[in-house]
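A short worksheet on the structure shown next.
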Amino acid sequence: MNLQHERIAALCDSLNLPFVAQGYGAATQKAARQQMAYSDFLEGLLREEAAGRNVRKQSTMTRLAGFPVVKTLDEFNYDFA
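Just so we're aligned, residue 215 is where the sequence shown starts under this note's numbering, counting upward by one.
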């Protein structure tokens with residue numbers, strides 16, 4: 215990792231942007247391959263951060279709800295219907 219990547223990781227840590235820090239390397243390679251505009255690159259990073267936060271929020275809220283077991287429709291037994 216070069217010095218600039220280390221500084222970006224430190225800034226993401228201080229700004230509490232863990233998903234940007236996690237996906238930064240892959241996003242830069244994708245942006246270089248597709249010759250993305252800076253604004254598109256930034257939008258992609260911020261969308262990744264928002265998506266990661268939403269997943270973490272849903273997971274936390276489900277855990278805090280105190281449900282005994284998380285159930286999905288895939289697990290439902292349709293033989294009785």
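Cβ coordinates follow ideal geometry from the N, Cα and C atoms, glycine included.
In this text the structure is predicted, and so the values were computed from the model without any measurement.
Asked                                                               : Found
beta-carbon Q249 near the ligand FAD non-hydrogen atom, thresh 6 Å  : For the structure depicted, the ligand FAD is absent and the ligand set is empty, with no information on it obtainable.
Start and end residues, alpha helix (DSSP H) containing Q249        : Here Q249 belongs to no alpha helix (DSSP H), and DSSP marks it neither H nor E.
Limits of the alpha helix (DSSP H) - the one that D288 falls within : Looking at the DSSP string, D288 is not in any alpha helix (DSSP H), and its letter there is neither H nor E.
Distance between M250 and L225 (C-alpha atoms, nearest Å)           : 23 Å
Coil, strand or helix - P282 by DSSP                                : coil
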